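This report concerns only the one structure given below.
Protein chains in written order, with the numbering used here: chain V, -17 to 146; chain P, 91 to 645.
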């Protein structure tokens, strides 16, 4: 079962990765649910670090992905990757927590497309955790506090460097 | 309106001209491609400043092509594919807003490398048409007007100075300097302290540095950093002789039959074409874009581009190569509280190997990795032992926590001289155009094997020092690739119009009313960042123009 799904994701993913040129428009509700669950596996709560839900990884992504500065390539990869993942693993949301984790761990370093997609999600998860809270993540500076980061001042009053 | 002087660009090469000539009473018009940001507009927003690069145009819209030698042929890559951005800040003050500000002068022998070492095989190294003595008083002027903080170091290659001290006391230093100095003494390395164009005390309208922990890459929120905007343009505005037209993208210089520039044609923010007329034109758009503008300004008088009938424009582009050596520190060698002290400067360099008997060496500058937590964390997502293995889950989270809370990485940046050569140049290609339909600059980045050998020689010194300090996980990443923010050459100055674009005053040999005052003039770059020398040279050119203005604009 997993082997078959793995191959399916790999082939489908590669096709999408190489051929899809249209810019994906936005994250659908279903994609958002999947991304939120995937993010919890990528960034689980630990004794020292907050979970993706605590630093609002999904909210950050939804809040930034449509800005003109978000690269089209990245936007395509995030959204098309999610579509491809859902097509390959349609029952993902129905799996229990351990099964979900097992699935993600089984593909992350064994499938090039999965590796590319998940590393991009990790990157934007890091942005959500450590960018200024003005962008929707890093709730109450939870990311900065967790790593004892010394904040730089002044903090932004407007997003994307807009003049005051 | 006919201005006395039109300046294209507003960074380090433009600022001194703007400052000096507007103060002398000339009507100066600046055409700046970007916007005018005030001090209070800047913040320490890592996402905006370094991840989304908001002070630059979108790469898909305005890119470069880079030519690399791969499989025995030159292959062209548009930078929107690679993400390698050679735009360094479109705003008033240009990239000087974002510099780290370590300000080293060139040394007397940097002006005569060909005489001192001979010509390296396949290089185009030449002596400068001026000497260190010609430049010294302008270096001194920069230290006072731009504001340089520091302590003069006593070492073998310290250059002669007319002022014994820097005008501002040294900035506060990070505790790791104790470890560096101890290890340096043990290795018999000289302790060289880094001067910085960041003022440690309030000066005129500028406040002192407040050690924000976010300096390099960020606009300064106190005015301490000696950007062209803070130190020169804001004071120049008070003369009422200065007009700044922002969001003016200059696309062509128009000439007349006398081979003089009559106007600069630019696109406004709304996309309409406009013109500025002036008696004298100063080009300072940063080296690559300056060559691009000249090459794209083709007309009957200059079919190969303005000032390019000799076919020298764009040639002998310089950058700074070398790469980086890194070492990680933890509480095994320095108390954690001291190690984690934010904001203070390292301000140390290895300069004992700047020259050797056999070859021109270079410098190693020490700096903690920038505070930027997103950038740092992104490195930690890969397994140290298998760089293709993505870390996720608890393993990733634990690594993020321990790396940020228990370690700090010191970078040793290698600065070797970039040897000018036939395969390092700027050209334009009609097949690659920006969103306005203007051919983009193509950058061929050929380097000589010699430069890599010098970099490796310097890297060994850096590794030695890091080992002596007790650093862990020492890694060398040495390469001959250019630093996209360090650009010079392309319009080298010289006495011979057949082999140079500019004369020794940076006036175009072929166009009497054109001066180029960014780093384009430099035949060699020294083993240091170029900004200090660009500022000093621009003051030198400003002095020449001030003394000869009527003669220069005389019909």
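Glycine is no exception: its CB is placed at the ideal position from the N, C-alpha and C atoms. Since this is a predicted model, take the numbers as computed values, not measurements.
Which of helix, strand or coil DSSP assigns to residue i
i, result
"residue 571 of chain P", "coil"
"residue 377 of chain P", "helix"
"residue 143 of chain V", "helix"
"residue 218 of chain P", "coil"
"residue 55 of chain V", "helix"
"residue 135 of chain V", "coil"
"residue 129 of chain V", "coil"
"residue 487 of chain P", "helix"
"residue 131 of chain P", "helix"
"residue 461 of chain P", "coil"
"residue 434 of chain P", "coil"
"residue 196 of chain P", "coil"
"residue 481 of chain P", "coil"
"residue 204 of chain P", "helix"
"residue 121 of chain P", "strand"
"residue 156 of chain P", "strand"
"residue 598 of chain P", "strand"
"residue 31 of chain V", "coil"
"residue 360 of chain P", "coil"
"residue 94 of chain P", "strand"
"residue 501 of chain P", "strand"
"residue 445 of chain P", "strand"
Distance CB(residue i)-CB(residue j) smaller than 9 Å
i, j, result
"residue 616 of chain P", "residue 219 of chain P", "no"
"residue 623 of chain P", "residue 195 of chain P", "yes"
"residue 500 of chain P", "residue 457 of chain P", "yes"
"residue 551 of chain P", "residue 440 of chain P", "yes"
"residue 633 of chain P", "residue 228 of chain P", "yes"
"residue 111 of chain V", "residue 467 of chain P", "yes"
"residue 155 of chain V", "residue 9 of chain V", "Given a span of -17 to 146 for chain V in the structure shown, any question on residue 155 of chain V remains unanswerable."
"residue 404 of chain P", "residue 373 of chain P", "no"
"residue 119 of chain V", "residue 37 of chain V", "yes"
"residue 122 of chain P", "residue 335 of chain P", "yes"
"residue 24 of chain V", "residue 103 of chain V", "yes"
"residue 450 of chain P", "residue 206 of chain P", "yes"
"residue 610 of chain P", "residue 174 of chain P", "no"
Residue of the options minimising C-alpha distance to residue i
i, options, result
"residue 527 of chain P", "P:216, P:328 and P:518", "P:518"
"residue 143 of chain V", "P:477, P:128, P:391 and P:600", "P:128"
"residue 133 of chain V", "P:512, P:431, P:545 and P:500", "P:431"
"residue 314 of chain P", "P:118, P:327 and P:300", "P:300"
"residue 435 of chain P", "P:97, P:287 and P:340", "P:287"
"residue 424 of chain P", "P:114, P:223, P:641 and P:266", "P:266"
"residue 298 of chain P", "P:306, P:307 and P:311", "P:311"
"residue 44 of chain V", "V:15, V:72, V:55 and V:71", "V:15"
"residue 538 of chain P", "P:596, P:214 and P:293", "P:214"
"residue 249 of chain P", "P:295, P:200, P:531 and P:263", "P:200"
"residue 105 of chain V", "V:128, V:34 and V:80", "V:34"
"residue 188 of chain P", "P:145, P:207 and P:158", "P:145"
"residue 156 of chain P", "P:412, P:171 and P:237", "P:171"
"residue 305 of chain P", "P:452, P:261, P:97 and P:547", "P:261"
"residue 244 of chain P", "P:283, P:368 and P:599", "P:283"
"residue 131 of chain V", "P:603, P:472, P:496 and P:321", "P:496"
"residue 126 of chain P", "P:566, P:485, P:320 and P:575", "P:320"
"residue 478 of chain P", "V:11, V:20, V:55 and V:93", "V:93"
"residue 368 of chain P", "P:164, P:264, P:235 and P:352", "P:352"
Endpoints, alpha helix (DSSP H) assigned at residue i
i, result
"residue 627 of chain P", "621 to 643"
"residue 99 of chain V", "94 to 112"
"residue 325 of chain P", "324 to 327"
"residue 137 of chain P", "Segment: none, residue 137 of chain P is in no alpha helix (DSSP H) and carries neither H nor E."
"residue 544 of chain P", "539 to 559"
"residue 87 of chain V", "79 to 90"
"residue 106 of chain P", "105 to 113"
"residue 16 of chain V", "11 to 24"
Enclosing beta strand (DSSP E) for residue i [first to last residue]
i, result
"residue 521 of chain P", "514 to 523"
"residue 453 of chain P", "452 to 458"
"residue 167 of chain P", "163 to 168"
"residue 342 of chain P", "339 to 345"
"residue 42 of chain V", "Looking at the DSSP string, residue 42 of chain V is not in any beta strand (DSSP E); the run it does join, the alpha helix (DSSP H), is 39 to 46."
Cβ-based contacts, 9 Å cut-off: residues of the stretch 483 to 512 of chain P near chain V: Of all residues in the stretch 483 to 512 of chain P, 483, 484, 486, 487, 488, 490, 491, 492, 493, 494 and 495 have a Cβ within less than 9 Å of some Cβ in chain V.
Proximal residues, the stretch 105 to 117 of chain V versus chain P, C-beta separation under 8 Å: So the list reads 105, 108, 109, 111, 112, 113, 114, 116 and 117, given in the order they occur along the chain.
Residues of the stretch 291 to 303 of chain P with Cβ closer than 7 Å to any Cβ of chain V, in chain order: 302 and 303
Chain-ordered residues of the stretch 440 to 466 of chain P with a beta carbon less than 7 Å from chain V: 461, 463 and 464
Against chain V: residues of the stretch 410 to 438 of chain P by CB proximity under 7 Å: Result list: 432.
The stretch 117 to 143 of chain P: positions lying closer than 9 Å to chain V by Cβ: 125, 126, 127, 128, 130, 131, 132, 133, 134, 135, 136, 137, 138, 139, 141, 142 and 143
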